[in-house]
Amino acid sequence: MRFGIYLTSLILTISPLPNAFAGEMPDETKYPNIVRPVLTISHLTAPQGAFPEKLISPRGAVFDDAGSVWISDCAQNRIYEFHIDVDAQSFRRGRLIQVPELDCPASLAFDADNRLYVMNLGTSEIIRFKDGSPDGFRLGGYGTKPGQFGHTNQLFNPGQLVIERGKLYATDPGNNRFHVFDLKTGDVSLTVGTAGDGPRAFTSPNGIAVVDGTIVVSDMYNHRLKKFRLDGQPLAQWFSFGSYEGDFAGPAGISSIGSEIFVADAVNHRVQVVDSGGRYLYQFGRHPSVHHEGNGRLHYPMLTAASARAGLVLVCEKFEERCQVFSAEKIKTQYKNANDSAWWWKYPYFHYRTSAQILRAKKPPSPQGGSSLSLALTITEPSGAKTSPSDWMIMSEEELHRVVGMNLKNPSEQIVIGSYGSGDGEFKMPQGAHMDPQGRIWVSDTLNNRVQWFDQDGKLLKTVGTEGSGSLQFNQPGEIVIDGNGTAYILDSGNGRIQVVDRDGNFVRQLGSPGEAVGQLTFPIGITLDPEQTHVLTVELYKARVQSFAVDGSDARSLSESWDVASGPAVLCHVAVGLDNSAYVTDDALNRVTKFSLDGKIIKQWGRLGTEAGEFYHPQGIAVDENDRVWVLDYGNHRGQVFNNQGEFLFYFGEGQIGSDTHMK
Numbered sequence: 001m002r003f004g005i006y007l008t009s010l011i012l013t014i015s016p017l018p019n020a021f022a023g024e025m026p027d028e029t030k031y032p033n034i035v036r037p038v039l040t041i042s043h044l045t046a047p048q049g050a051f052p053e054k055l056i057s058p059r060g061a062v063f064d065d066a067g068s069v070w071i072s073d074c075a076q077n078r079i080y081e082f083h084i085d086v087d088a089q090s091f092r093r094g095r096l097i098q099v100p101e102l103d104c105p106a107s108l109a110f111d112a113d114n115r116l117y118v119m120n121l122g123t124s125e126i127i128r129f130k131d132g133s134p135d136g137f138r139l140g141g142y143g144t145k146p147g148q149f150g151h152t153n154q155l156f157n158p159g160q161l162v163i164e165r166g167k168l169y170a171t172d173p174g175n176n177r178f179h180v181f182d183l184k185t186g187d188v189s190l191t192v193g194t195a196g197d198g199p200r201a202f203t204s205p206n207g208i209a210v211v212d213g214t215i216v217v218s219d220m221y222n223h224r225l226k227k228f229r230l231d232g233q234p235l236a237q238w239f240s241f242g243s244y245e246g247d248f249a250g251p252a253g254i255s256s257i258g259s260e261i262f263v264a265d266a267v268n269h270r271v272q273v274v275d276s277g278g279r280y281l282y283q284f285g286r287h288p289s290v291h292h293e294g295n296g297r298l299h300y301p302m303l304t305a306a307s308a309r310a311g312l313v314l315v316c317e318k319f320e321e322r323c324q325v326f327s328a329e330k331i332k333t334q335y336k337n338a339n340d341s342a343w344w345w346k347y348p349y350f351h352y353r354t355s356a357q358i359l360r361a362k363k364p365p366s367p368q369g370g371s372s373l374s375l376a377l378t379i380t381e382p383s384g385a386k387t388s389p390s391d392w393m394i395m396s397e398e399e400l401h402r403v404v405g406m407n408l409k410n411p412s413e414q415i416v417i418g419s420y421g422s423g424d425g426e427f428k429m430p431q432g433a434h435m436d437p438q439g440r441i442w443v444s445d446t447l448n449n450r451v452q453w454f455d456q457d458g459k460l461l462k463t464v465g466t467e468g469s470g471s472l473q474f475n476q477p478g479e480i481v482i483d484g485n486g487t488a489y490i491l492d493s494g495n496g497r498i499q500v501v502d503r504d505g506n507f508v509r510q511l512g513s514p515g516e517a518v519g520q521l522t523f524p525i526g527i528t529l530d531p532e533q534t535h536v537l538t539v540e541l542y543k544a545r546v547q548s549f550a551v552d553g554s555d556a557r558s559l560s561e562s563w564d565v566a567s568g569p570a571v572l573c574h575v576a577v578g579l580d581n582s583a584y585v586t587d588d589a590l591n592r593v594t595k596f597s598l599d600g601k602i603i604k605q606w607g608r609l610g611t612e613a614g615e616f617y618h619p620q621g622i623a624v625d626e627n628d629r630v631w632v633l634d635y636g637n638h639r640g641q642v643f644n645n646q647g648e649f650l651f652y653f654g655e656g657q658i659g660s661d662t663h664m665k
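Using the numbering used here, you'd call the opening residue of the sequence shown number 1 and step up by one each time.
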């Protein structure tokens, strides 16, 4: 999940918890759908010498004819071959592909001649490899024409490839469609899809498979599967959003053995199996009960790969830096269906992937807004020092399609705005939320390509934006930051730009344009304002780059040009500016925070993989308060951590551990 968060003085009505969470907690130790894997491919659990490198970001996987599995690592621009010994329940690393052409490699597929096709997210193209090297054959490229691919957020949805009978099928989540290529000619023979929820429409399609002579696609944020004839004519669509059996919450990668389709049900932390007629068969997997638990527990499974010849099903969890390998036969003999909610264990515990903007009005906002509003921060101290009961974080909780307010002293006390859908006041994957000086809450409704404004009671006030690339048109709007005058800076991520909008919703100007040069943007994911509010800083997902843009559009410069990527950040996510004219950026892949000067010099780095104080597991959101303390959302460890400006740990916030209701330590 990714959220714009801030503290504010609000009087809010507490909404009851959704019905899906009513009832008693099931006995986790007796949960029947946890199937033990044959083995787990991970550098964290590998025997010494079996895997000398790291698998940081598995984004694609495929079995070859010999039964070996190939896994791409987007963060490190590598592709690994692994030899699996089922009898010994072990693996060893085989060949390694690491060439300059790889730029965030994701989905993989082999053709009949054993050539490997790689979806290269950084360049939005498919590259073919022969014997470990590119052979010059490429498909796609960035764009909106048939056969081209749009940028998409690879943390959630990189798309998928599959090859069947000389045809390559590829989802294009950035353009809400899929393509079919003729591998003899390289021509695109079919493109199907548009944005929406109709029979030929998608909201971020992810997985694709050819099953029983039909095309099956996971429509990720419409939370369903869709079935097409080979000529692209729609046949059926199945399932809907939810947490019980046969419901989906973010169906991602899919694969098949015969007529059985294995669907990575990402937000429900499980794999569901259906047949080619859309009939639910069974499920396996469940959210971990302790930190980073495996052995059949699944944590945001994003892709599956299945091999009938090997009799194996691979499930990769980018979040946990691992892939679990299951026996297809043993899954059927070990599972026993239990139709309870897949979200039992995590709700309402601290579980946020967050982009952070922290502020609180010292006085009630003026109805006219304006620059006179003084912004500051008041936060509960770990000692339990006296604090106002109105200290809230407001977050856009994208995976549950809503905006959530959380009382920092009592995280179970929450308010909710919005629900899943495309109607007024509804959201699809909202990725940013911020309050303006007038007290209005702006929400970037990412996959509906619009921005909605609400009052403090959750009443919809205004909607701006439609899908497109013109003024006040959006392609996956992301984080929002608002200055003291009420001017909003909205990341228009898929269009590679920032749209500047005044407090009345009128377009002012555009900062940046799509591309890789300084002053251009490739899927920006994080944004913040400097203390003087004269520049915005941005983070780009694919390029591991931080840039600074003058808010009047007069200049732009790269702040990370001199950083050594080998030792520097690998997957940058979110950025915040300190009071001493330094800045901080979180690194999802290397599990650390980098502090740097506003002229781009690295000052300090702290953090490593782990669960102790000062250690992280996929840190995401970051913000700095008026005391120059650094607040970090330690997403994978289900907590937040607070540091001084030298990186010294101060205290936790949030639960600190799964299943705990202690939110301050």
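Glycine included, C-beta positions come from ideal geometry on N, C-alpha and C.
Relative to the C-alpha of residue i, which candidate in the options has its C-alpha closest?
i                 : options                           : result
valine 669        : Val35, Val501, Val577 and Val313  : As shown, the chain starts at 1 and ends at 665. That puts residue 669 outside it, with no answer to give.
serine 194        : Asp587, Pro234, Lys184 and Ala266 : Position check: residue 194 holds threonine in this sequence, whereas serine was assumed. Here the closest residue by C-alpha is Pro234.
aspartate 445     : Gly458, Met435, Phe427 and Gln456 : Phe427
phenylalanine 228 : Gly505, Gly186, Asp212 and Phe110 : Asp212
valine 267        : Asp634, His401, Ala488 and Ser256 : His401
aspartate 131     : Thr152, Ser307, Ile97 and Leu108  : Ile97
isoleucine 126    : Gly94, Met435 and Val162          : Val162
arginine 165      : Arg297, Arg138 and Phe181         : Phe181
glutamate 320     : Ala306, Thr333, His299 and Ala328 : His299
leucine 183       : Ala201, Ala112 and Val577         : Ala112
glycine 505       : Thr203, Thr534 and Gly465         : Gly465
glycine 484       : His269, Pro288, Glu532 and Thr185 : Glu532
Residue i to residue j, Cα distance in whole Å?
i             : j                 : result
alanine 433   : aspartate 85      : 48 Å
valine 624    : glycine 405       : 19 Å
arginine 177  : valine 630        : 41 Å
leucine 39    : aspartate 436     : 51 Å
arginine 224  : serine 240        : 5 Å
threonine 522 : glutamate 516     : 6 Å
valine 495    : proline 514       : According to the sequence provided, residue 495 is asparagine. The question's valine does not apply to it. Near 6 Å, if we compare the C-alpha coordinates of proline 514 and asparagine 495.
glycine 647   : alanine 613       : 11 Å
threonine 171 : arginine 78       : 22 Å
aspartate 197 : glutamine 476     : 16 Å
glutamate 540 : glycine 278       : 38 Å
glutamine 76  : valine 99         : 11 Å
tyrosine 542  : glutamine 520     : 13 Å
arginine 36   : phenylalanine 82  : 20 Å
aspartate 552 : tryptophan 70     : 48 Å
aspartate 580 : phenylalanine 653 : 24 Å
alanine 544   : leucine 572       : 5 Å
threonine 152 : alanine 305       : 21 Å
aspartate 502 : serine 560        : 30 Å
Would you mind reading off the limits of the beta strand (DSSP E) that contains residue i?
i              : result
glutamine 334  : Where glutamine 334 is concerned, there is no enclosing beta strand (DSSP E), although the alpha helix (DSSP H) it sits in stretches over 328-334.
lysine 167     : 167-172
glutamine 272  : 270-275
methionine 302 : Neither: methionine 302 is in no beta strand (DSSP E) and is coded neither H nor E.
proline 514    : Note, proline 514: premise wrong, no beta strand (DSSP E); not H, not E.
glycine 94     : 90-97
threonine 586  : 582-587
glutamine 499  : 497-501
serine 558     : 556-558
glycine 478    : 477-482
threonine 667  : Within the shown structure, residues of the chain are numbered from 1 to 665, placing residue 667 beyond reach of any answer.
alanine 46     : Run containing alanine 46: none; DSSP gives neither H nor E here.
glutamine 283  : 280-284
valine 180     : 177-182
Who does residue i pair with in a DSSP beta bridge?
i              : result
proline 58     : Asp73
threonine 214  : Val211
serine 255     : Phe262
glutamine 520  : None; glutamine 520 has no bridge partner.
lysine 226     : Val217 and Gln237
arginine 545   : Glu540
isoleucine 394 : Gly405
glutamine 324  : Thr40 and Val315
Closer than 8 Å to a non-hydrogen atom of the ligand FAD - does that hold for the CB of residue i?
i           : result
leucine 314 : No copy of the ligand FAD occurs in the structure displayed, which carries no ligand at all.
| message | Please give the ranges of any beta strand (DSSP E) in the segment 127-152, keeping only runs that are unbroken, at least 3 residues long and fully inside the region. | response | Complete beta strand (DSSP E) runs here, min 3: 133-140.
| query | Which runs of the beta strand (DSSP E) fall wholly inside the segment 398-475 and span at least 3 residues, in chain order? | reply | DSSP runs (the beta strand (DSSP E)) wholly in the segment 398-475: 402-407, 410-417, 432-435, 441-445, 450-454 and 460-464.
| task | Quick one: which unbroken beta strand (DSSP E) runs of 3-plus residues sit fully inside the segment 593-646? Chain order, please. | result | Taking 3 residues as the minimum length, the beta strand (DSSP E) runs contained wholly in the segment 593-646 are 602-606, 619-624, 630-634 and 639-643, in order along the chain.
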